[in-house]
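If you're matching positions, the sequence shown starts at 55 in this note's numbering and goes up one per residue.
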Amino acid sequence: MTGNSNEMTDNYVYMLDGKAYVNLTNRCHNACTFCIRNTGDGVAGTPLWLKKEPTADEVMRAFEQIRPKLESDEVVFCGYGEPTERLDVLTETAARIKAAGYSVRLNTNGLGSLVAGRDIAPELKDFDLVSISLNHCDADKYAAVTRSKFGAAAFPAVTEFAAQCKAAGLSVVMTVVDVIGEESIRECERLCQGLGVPLRVRKYIADNYGGSVDTDGK
55 MTGNSNEMTD NYVYMLDGKA YVNLTNRCHN ACTFCIRNTG DGVAGTPLWL
105 KKEPTADEVM RAFEQIRPKL ESDEVVFCGY GEPTERLDVL TETAARIKAA
155 GYSVRLNTNG LGSLVAGRDI APELKDFDLV SISLNHCDAD KYAAVTRSKF
205 GAAAFPAVTE FAAQCKAAGL SVVMTVVDVI GEESIRECER LCQGLGVPLR
255 VRKYIADNYG GSVDTDGK
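Pasting the structure below:
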(Lines of atoms letter the chains of each structure in order from A and count residues from 1; the text may use other names and numbers.)
(Lines give C-alpha, C1' and ligand atoms only; values in the text may rest on other atoms or scores of the structure.)
Protein backbone atom coordinates (compact mmCIF):
# COMPACT_ATOMS: atom_id res chain seq x y z
CA MET A 1 0.00 0.00 0.00
CA THR A 2 1.04 3.57 -0.62
CA GLY A 3 -0.42 6.76 0.80
CA ASN A 4 -0.08 8.87 3.92
CA SER A 5 -1.94 6.76 6.51
CA ASN A 6 -3.30 3.30 7.16
CA GLU A 7 -6.95 4.32 7.17
CA MET A 8 -9.06 1.58 5.62
CA THR A 9 -12.69 2.01 4.60
CA ASP A 10 -15.57 0.45 2.73
CA ASN A 11 -16.08 3.40 0.36
CA TYR A 12 -17.15 1.49 -2.74
CA VAL A 13 -18.79 4.48 -4.45
CA TYR A 14 -17.73 8.10 -4.02
CA MET A 15 -18.78 11.39 -5.56
CA LEU A 16 -16.63 13.96 -7.34
CA ASP A 17 -18.13 17.11 -8.83
CA GLY A 18 -21.61 15.60 -8.81
CA LYS A 19 -20.59 12.37 -10.54
CA ALA A 20 -20.42 8.83 -9.10
CA TYR A 21 -17.13 6.90 -9.15
CA VAL A 22 -16.89 3.20 -8.35
CA ASN A 23 -13.99 1.90 -6.25
CA LEU A 24 -13.75 -1.88 -6.81
CA THR A 25 -10.20 -2.68 -5.74
CA ASN A 26 -6.85 -1.31 -4.61
CA ARG A 27 -4.93 -3.81 -6.76
CA CYS A 28 -2.89 -2.51 -9.71
CA HIS A 29 0.05 -3.95 -11.68
CA ASN A 30 1.45 -0.45 -12.20
CA ALA A 31 3.02 1.95 -9.69
CA CYS A 32 2.93 5.18 -11.69
CA THR A 33 5.18 7.98 -10.52
CA PHE A 34 2.36 10.53 -10.84
CA CYS A 35 -0.42 8.40 -9.32
CA ILE A 36 -2.53 10.21 -6.70
CA ARG A 37 -2.11 7.16 -4.45
CA ASN A 38 1.42 8.48 -3.84
CA THR A 39 0.18 11.77 -2.40
CA GLY A 40 -2.87 10.83 -0.33
CA ASP A 41 -5.31 8.22 0.85
CA GLY A 42 -8.33 9.19 -1.21
CA VAL A 43 -10.10 11.66 -3.48
CA ALA A 44 -11.79 14.94 -2.51
CA GLY A 45 -11.67 14.01 1.17
CA THR A 46 -13.04 10.46 0.70
CA PRO A 47 -10.64 7.72 1.89
CA LEU A 48 -10.39 4.95 -0.73
CA TRP A 49 -8.10 2.26 0.72
CA LEU A 50 -10.46 -0.70 1.13
CA LYS A 51 -10.89 -3.07 4.06
CA LYS A 52 -12.13 -5.64 1.55
CA GLU A 53 -13.14 -5.78 -2.08
CA PRO A 54 -16.90 -5.43 -2.64
CA THR A 55 -19.38 -7.75 -4.28
CA ALA A 56 -21.63 -6.40 -7.03
CA ASP A 57 -24.53 -6.25 -4.53
CA GLU A 58 -22.43 -4.19 -2.11
CA VAL A 59 -21.52 -1.77 -4.88
CA MET A 60 -25.15 -1.40 -5.88
CA ARG A 61 -26.23 -0.71 -2.30
CA ALA A 62 -23.55 1.97 -2.02
CA PHE A 63 -24.62 3.41 -5.37
CA GLU A 64 -28.26 3.62 -4.26
CA GLN A 65 -27.20 5.56 -1.16
CA ILE A 66 -25.34 8.17 -3.18
CA ARG A 67 -27.74 8.25 -6.12
CA PRO A 68 -30.06 11.05 -4.84
CA LYS A 69 -27.07 13.42 -4.63
CA LEU A 70 -25.82 12.90 -8.19
CA GLU A 71 -25.81 15.74 -10.71
CA SER A 72 -24.62 13.62 -13.67
CA ASP A 73 -25.97 10.53 -15.41
CA GLU A 74 -22.44 9.19 -16.04
CA VAL A 75 -20.93 6.67 -13.64
CA VAL A 76 -17.17 6.11 -13.79
CA PHE A 77 -15.34 2.98 -12.74
CA CYS A 78 -12.17 4.58 -11.40
CA GLY A 79 -11.10 4.05 -7.80
CA TYR A 80 -7.84 3.43 -5.97
CA GLY A 81 -6.90 0.48 -8.15
CA GLU A 82 -7.35 -1.05 -11.59
CA PRO A 83 -11.04 -1.98 -12.17
CA THR A 84 -10.31 -4.83 -14.61
CA GLU A 85 -8.59 -6.69 -11.76
CA ARG A 86 -12.21 -7.44 -10.71
CA LEU A 87 -13.52 -8.22 -14.18
CA ASP A 88 -16.59 -10.26 -13.17
CA VAL A 89 -17.78 -7.70 -10.61
CA LEU A 90 -16.88 -4.87 -13.00
CA THR A 91 -19.00 -6.18 -15.85
CA GLU A 92 -21.93 -7.22 -13.65
CA THR A 93 -22.06 -3.88 -11.85
CA ALA A 94 -21.70 -1.89 -15.06
CA ALA A 95 -24.62 -3.80 -16.61
CA ARG A 96 -26.81 -3.16 -13.57
CA ILE A 97 -25.99 0.55 -13.40
CA LYS A 98 -26.54 0.94 -17.15
CA ALA A 99 -29.91 -0.83 -16.83
CA ALA A 100 -30.82 1.78 -14.22
CA GLY A 101 -30.52 4.46 -16.91
CA TYR A 102 -26.93 5.68 -16.50
CA SER A 103 -24.04 5.83 -18.94
CA VAL A 104 -20.93 4.03 -17.74
CA ARG A 105 -17.28 4.77 -18.34
CA LEU A 106 -14.27 2.59 -17.59
CA ASN A 107 -10.96 4.24 -16.69
CA THR A 108 -8.29 1.56 -17.08
CA ASN A 109 -4.54 1.08 -17.35
CA GLY A 110 -5.16 -1.10 -20.41
CA LEU A 111 -3.56 -4.22 -18.98
CA GLY A 112 -6.78 -6.17 -18.46
CA SER A 113 -6.32 -8.53 -21.40
CA LEU A 114 -2.71 -9.21 -20.41
CA VAL A 115 -3.77 -9.99 -16.83
CA ALA A 116 -6.65 -12.23 -17.93
CA GLY A 117 -4.67 -13.98 -20.64
CA ARG A 118 -7.41 -13.33 -23.20
CA ASP A 119 -9.07 -10.50 -25.12
CA ILE A 120 -11.51 -9.05 -22.58
CA ALA A 121 -12.80 -6.24 -24.82
CA PRO A 122 -16.03 -8.06 -25.84
CA GLU A 123 -16.84 -8.46 -22.14
CA LEU A 124 -16.88 -4.66 -21.77
CA LYS A 125 -19.85 -4.27 -24.12
CA ASP A 126 -21.95 -2.33 -21.59
CA PHE A 127 -19.46 0.51 -21.30
CA ASP A 128 -20.28 3.68 -23.21
CA LEU A 129 -16.62 4.73 -23.11
CA VAL A 130 -13.33 2.99 -22.33
CA SER A 131 -10.62 5.45 -21.30
CA ILE A 132 -7.15 3.88 -21.44
CA SER A 133 -4.09 5.36 -19.73
CA LEU A 134 -1.41 5.37 -22.42
CA ASN A 135 0.97 7.15 -20.03
CA HIS A 136 3.88 7.61 -22.48
CA CYS A 137 4.96 7.37 -26.07
CA ASP A 138 7.21 4.28 -26.14
CA ALA A 139 7.98 1.16 -24.13
CA ASP A 140 11.07 2.46 -22.33
CA LYS A 141 9.47 5.72 -21.23
CA TYR A 142 6.29 3.90 -20.29
CA ALA A 143 8.26 1.48 -18.10
CA ALA A 144 10.08 4.33 -16.35
CA VAL A 145 6.85 6.18 -15.57
CA THR A 146 4.55 3.27 -14.71
CA ARG A 147 7.04 0.85 -13.09
CA SER A 148 4.77 -1.93 -14.30
CA LYS A 149 5.19 -5.43 -12.92
CA PHE A 150 4.91 -6.67 -16.51
CA GLY A 151 8.05 -4.82 -17.57
CA ALA A 152 8.62 -4.61 -21.32
CA ALA A 153 5.41 -6.52 -22.06
CA ALA A 154 3.19 -3.78 -20.64
CA PHE A 155 3.35 -1.04 -23.29
CA PRO A 156 2.53 -3.24 -26.32
CA ALA A 157 -0.26 -4.82 -24.27
CA VAL A 158 -1.81 -1.39 -23.71
CA THR A 159 -1.78 -0.44 -27.39
CA GLU A 160 -3.08 -3.90 -28.31
CA PHE A 161 -5.91 -3.50 -25.81
CA ALA A 162 -6.89 -0.21 -27.46
CA ALA A 163 -7.04 -2.00 -30.80
CA GLN A 164 -9.09 -4.83 -29.24
CA CYS A 165 -11.60 -2.36 -27.80
CA LYS A 166 -11.96 -0.58 -31.12
CA ALA A 167 -12.41 -3.92 -32.93
CA ALA A 168 -15.14 -4.82 -30.42
CA GLY A 169 -17.04 -1.68 -31.41
CA LEU A 170 -16.38 0.19 -28.16
CA SER A 171 -15.85 3.94 -27.92
CA VAL A 172 -12.22 4.39 -26.89
CA VAL A 173 -10.00 7.26 -25.81
CA MET A 174 -6.40 7.15 -24.62
CA THR A 175 -4.98 9.55 -22.06
CA VAL A 176 -1.66 10.92 -20.87
CA VAL A 177 -0.82 13.26 -18.02
CA ASP A 178 0.65 16.63 -19.03
CA VAL A 179 3.83 16.10 -16.95
CA ILE A 180 5.43 13.94 -19.68
CA GLY A 181 6.33 17.01 -21.77
CA GLU A 182 5.18 18.49 -25.05
CA GLU A 183 7.38 16.41 -27.36
CA SER A 184 6.27 13.15 -25.77
CA ILE A 185 2.66 14.29 -25.98
CA ARG A 186 3.12 14.90 -29.71
CA GLU A 187 4.58 11.39 -30.06
CA CYS A 188 1.57 10.01 -28.21
CA GLU A 189 -0.72 11.90 -30.57
CA ARG A 190 1.00 10.30 -33.56
CA LEU A 191 0.73 6.85 -31.96
CA CYS A 192 -2.97 7.33 -31.28
CA GLN A 193 -3.58 8.55 -34.82
CA GLY A 194 -2.07 5.30 -36.05
CA LEU A 195 -4.44 3.36 -33.82
CA GLY A 196 -7.40 5.47 -34.90
CA VAL A 197 -8.09 6.44 -31.29
CA PRO A 198 -8.32 10.00 -29.88
CA LEU A 199 -5.88 11.23 -27.23
CA ARG A 200 -6.87 13.30 -24.21
CA VAL A 201 -4.21 15.17 -22.19
CA ARG A 202 -5.04 15.23 -18.48
CA LYS A 203 -3.73 17.76 -15.99
CA TYR A 204 -1.61 16.47 -13.15
CA ILE A 205 -3.54 16.73 -9.88
CA ALA A 206 -1.27 17.02 -6.86
CA ASP A 207 -3.92 17.70 -4.21
CA ASN A 208 -6.05 14.57 -4.79
CA TYR A 209 -8.92 16.65 -6.14
CA GLY A 210 -9.16 18.71 -3.01
CA GLY A 211 -10.34 21.72 -5.00
CA SER A 212 -12.83 22.35 -7.77
CA VAL A 213 -11.78 20.36 -10.84
CA ASP A 214 -12.86 19.49 -14.35
CA THR A 215 -13.29 15.72 -14.29
CA ASP A 216 -13.75 15.23 -18.04
CA GLY A 217 -10.30 13.70 -18.31
CA LYS A 218 -10.50 11.57 -15.20
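Don't be surprised by glycine CBs; every beta carbon is placed ideally from N, CA and C.
- Note that the C-beta distance between Thr145 and Leu188 is not below 8 Å.
- Here Glu241 carries a helix assignment [DSSP, helix/strand/coil].
- Between Ile186 and Leu141, the C-beta spacing is not below 8 Å.
- Contact between the stretch 251-260 and the stretch 198-205 is absent, with fewer than three C-beta pairs closer than 8 Å.
- For Arg121 and Asn77, the gap between their C-alpha atoms comes out near 15 Å.
- Straight through space, the alpha carbons of Pro176 and Asp64 are spaced by roughly 30 Å.
- The DSSP-derived three-state label of Tyr68 is strand.
- With a threshold of 16 other beta carbon atoms within 10 Å, Tyr258 falls short and is exposed.
- Remark: fewer than three beta-carbon pairs, one from each stretch, lie closer than 8 Å, so the stretch 212-223 and the stretch 95-109 are not flagged as touching.
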